[in-house]
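Novice: First, the structure itself, so that you have it in front of you.
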Amino acid sequence: MRRIVLIITLCLVPFAGAGAVAVDESRLDDPAKEARARAIMKEIRCLVCQNQSIEDSNADLARDLRQIVRERVAAGASDDEVKAYLVARYGDWVLLNPPVNERTIVLWLAPAILVLIGAGLAFLYFRRRRSGGPQPLSAAERRRLDELLDEKDDRS
Amino acid sequence: MRAVYAIPVLVFAALAVALGVGLTLKPRVIPSALIGVPVPQFDLAPLYEDGRGLSGRDLADGEIKLVNFFASWCAPCRVEHDLLMRLAREEGMTIYGINYKDARQDAHRFLDRLGNPYSRIGVDRDGRVGIDWGVYGLPETYVIGPDGRILVKHVGPLFPDIVEEKFRPVMRRARQAAS
């Protein structure tokens, strides 16, 4: 019993880091603003690590960008304005969620469209399978079948 | 052979082409959002007291020049430094430097040891000017037009073939347009 508890505890240890956030010395004094800044940071890509947000990246650039987000929020910028500030400098790729505009609408809709196509194809396939099942034998075919079965009985 | 059996083959072929093209792309290199845009406003102190600093106004001086973001702690910057020296000394190319997130003494030592190709060097101590340029990793080199617009950006160390294929055509065109 003790060994099981030990093993389970050891397996959970790696997840202890899941709550960790890169440590910053200078958070905003206003907790509401700090929370908003954090929410924005979660949507900004760290350009060094590229699969992390700046909120949980340890890269230097991520720390600089976090400061910039905090400064803009403290200065009263809206979420969109903060994001626009970064997009103006780094392009759309700095946002973890691509924007929804004419250029990216295909990207956003493609998974849904593909699922619909796949479901449609699957539906057609199964419909054909059910109606195309074995037809009842014709009279000639039944006679042939009897002949073959008789032959088989004779041989055995 | 029913024609509909060709559909998976076609889908696979299309996917193979798309993925094959994808293998040739470089997703870690982020294209600049500032091509064709005038350089951001900035004013940086000189690295050497008796030298010249760098500001946005210096870049709209009617000349075509390179701006190179460098630092003493940046290993690929050493790799490209010889090429920068050659371009500056032998071809007379105007190269301005921005010392990014570096300590002054370290930068001095770097240039003393490897040579100084820059006619102007601005010190971007906290990296904020770099962020305005869209810098995300050193070294980065920009070709700036006569009116101070960013024409080309190259991320990573500079090599002769990049100068030939990426920079020179643009610089030639800008020179013709200006004359």
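Top line first, the protein sequences correspond to chains R and P.
Counting from 71, one number per residue, gives the positions in the first sequence under this note's numbering.
Counting from 1357, one number per residue, gives the positions in the second sequence under this note's numbering.
Cβ atoms here follow ideal geometry from the backbone N, Cα and C, with glycine treated the same way.
#1: Starting from residue 1500/P and walking both ways along the beta strand (DSSP E), at which residues does that stretch end?
#2: Considering Cα atoms alone, identify which of 1516/P, 1506/P, 1514/P and 1521/P is closest to residue 1390/P.
#3: Once the 5 residues before and after residue 153/R are set aside, which same chain residues still bring their CB inside 8 Å of it?
#4: Cβ of residue 1508/P within 7 Å of Cβ of residue 1400/P?
#5: Find the nearest neighbour of residue 145/R within the set 183/R, 135/R and 98/R, judged by alpha-carbon distance.
#6: What residues of chain P sit near residue 134/R, judged by a beta carbon separation below 7 Å?
#7: Name the DSSP bridge partner or partners of residue 1320/P?
#8: Starting from the beta carbon of residue 1490/P, find every residue of chain A whose beta carbon is closer than 7 Å, and list them in chain order.
#9: Whole angstroms is fine: what's the gap from residue 192/R's alpha carbon to residue 1362/P's?
#10: Name the two residues that bound the continuous beta strand (DSSP E) containing residue 1456/P.
#11: Alpha carbon to alpha carbon, what distance is there between residue 1447/P and residue 126/R?
#12: From the DSSP output, read off the bridge partner residues of residue 1402/P.
#13: Interface residues of chain R around residue 1387/P at Cβ under 9 Å?
#14: For chain P, find out if any of its Cβ atoms is closer than 7 Å to the Cβ of residue 186/R; answer yes or no.
#15: Going by the DSSP bridge assignment, what does residue 1426/P pair with across the sheet?
#16: Does the Cβ of residue 1472/P have 16 or more other Cβ atoms within 10 Å, making it buried, or fewer, making it exposed?
#17: Give the secondary structure of residue 142/R by DSSP, where H, G and I count as helix, E and B as strand, and everything else as coil.
#18: Taking the continuous alpha helix (DSSP H) assigned at residue 110/R, which residues delimit it?
#19: Looking at C-alpha atoms only, which residue of 1383/P, 1464/P and 1534/P is the closest neighbour of residue 1405/P?
#20: If contact means a Cβ-Cβ distance below 7 Å, which residues of the segment 167 to 192 of chain R contact chain P?
#21: Between which residues of its own chain and residue 215/R is the CB-CB distance below 8 Å, once the five residues before and five after are set aside?
#22: Please list, in chain order, the residues of the segment 106 to 135 of chain R that have any C-beta partner in chain P closer than 8 Å.
#23: Sort out for me which residues DSSP pairs residue 1464/P with in a bridge.
#24: From the DSSP secondary-structure annotation, give me the bridge partner or partners of residue 1394/P.
#25: Please state the DSSP three-state secondary structure of residue 1367/P.
#26: Residue ranges of each alpha helix (DSSP H) run of no fewer than 4 residues wholly in the segment 111 to 170 of chain R, ordered along the chain?
#27: In angstroms, rounded to a whole number, what distance separates the CA positions of residue 178/R and residue 170/R?
#28: Starting from residue 1444/P, trace the alpha helix (DSSP H) both ways and give me its first and last residue.
#29: For residue 1493/P, go through chain R and note every residue whose CB falls closer than 8 Å to its CB, in chain order.
#30: Buried or exposed, going by whether 16 or more other CB atoms sit within 10 Å of the CB of residue 218/R?
Specialist: On the basis of the data shown:
#1: Membership of residue 1500/P in the beta strand (DSSP E) is indicated by the continuous run 1496 to 1500.
#2: Of the listed residues, the one whose Cα sits closest to residue 1390/P is 1506/P.
#3: Once the five neighbours on either side are set aside, the close Cβ partners of residue 153/R are 110, 113, 114 and 165.
#4: For residue 1508/P and residue 1400/P, no; Cβs fall outside 7 Å.
#5: Out of 183/R, 135/R and 98/R, 98/R has the C-alpha closest to the C-alpha of residue 145/R.
#6: At a C-beta separation below 7 Å, residue 134/R has these neighbours in chain P: 1483 and 1487.
#7: Limits of chain P in this structure are 1357 at one end and 1535 at the other, which puts residue 1320/P out of reach.
#8: The question asks about chain A, but that chain is absent: this structure's protein chains are R and P.
#9: Their Cα atoms are separated by approximately 16 Å.
#10: Per DSSP, residue 1456/P belongs to the beta strand (DSSP E) from 1451 to 1456.
#11: C-alpha separation (whole angstroms): 45 Å.
#12: For residue 1402/P, which the question treats as bridged, DSSP gives the partners 1478/P.
#13: Neighbours of residue 1387/P on chain R, chain order: 161 and 163.
#14: Taking Cβ atoms only, chain P never reaches closer than 7 Å to residue 186/R, which makes this a no.
#15: Residue 1426/P pairs with 1455/P.
#16: With 16 or more other CB atoms across the displayed protein chains lying within 10 angstroms of its CB, residue 1472/P is buried.
#17: It is helical.
#18: Element bounds for residue 110/R: 101 to 111.
#19: Here the closest residue by C-alpha is 1464/P.
#20: Cβ contacts with chain P come from no residue of the segment 167 to 192 of chain R.
#21: Once the five neighbours on either side are set aside, the close Cβ partners of residue 215/R are 207.
#22: Taking a C-beta cut-off of 8 Å against chain P, the contacting residues of the segment 106 to 135 of chain R are 117, 118, 120, 130, 131, 134 and 135, listed in chain order.
#23: None; residue 1464/P has no bridge partner.
#24: Residue 1394/P is bridged by DSSP to 1505/P.
#25: Residue 1367/P: helix per DSSP, three-state reduction.
#26: Segments of the alpha helix (DSSP H) lying fully in the segment 111 to 170 of chain R: 130 to 144 and 149 to 160.
#27: Rounded to whole angstroms, residue 178/R and residue 170/R show a C-alpha spacing of 8 Å.
#28: Run containing residue 1444/P: 1431 to 1447, per the alpha helix (DSSP H) assignment.
#29: Neighbours of residue 1493/P in chain R, taken as residues whose beta carbon is under 8 Å from its own, are 117, 118 and 131 in chain order.
#30: Label assigned to residue 218/R: exposed.
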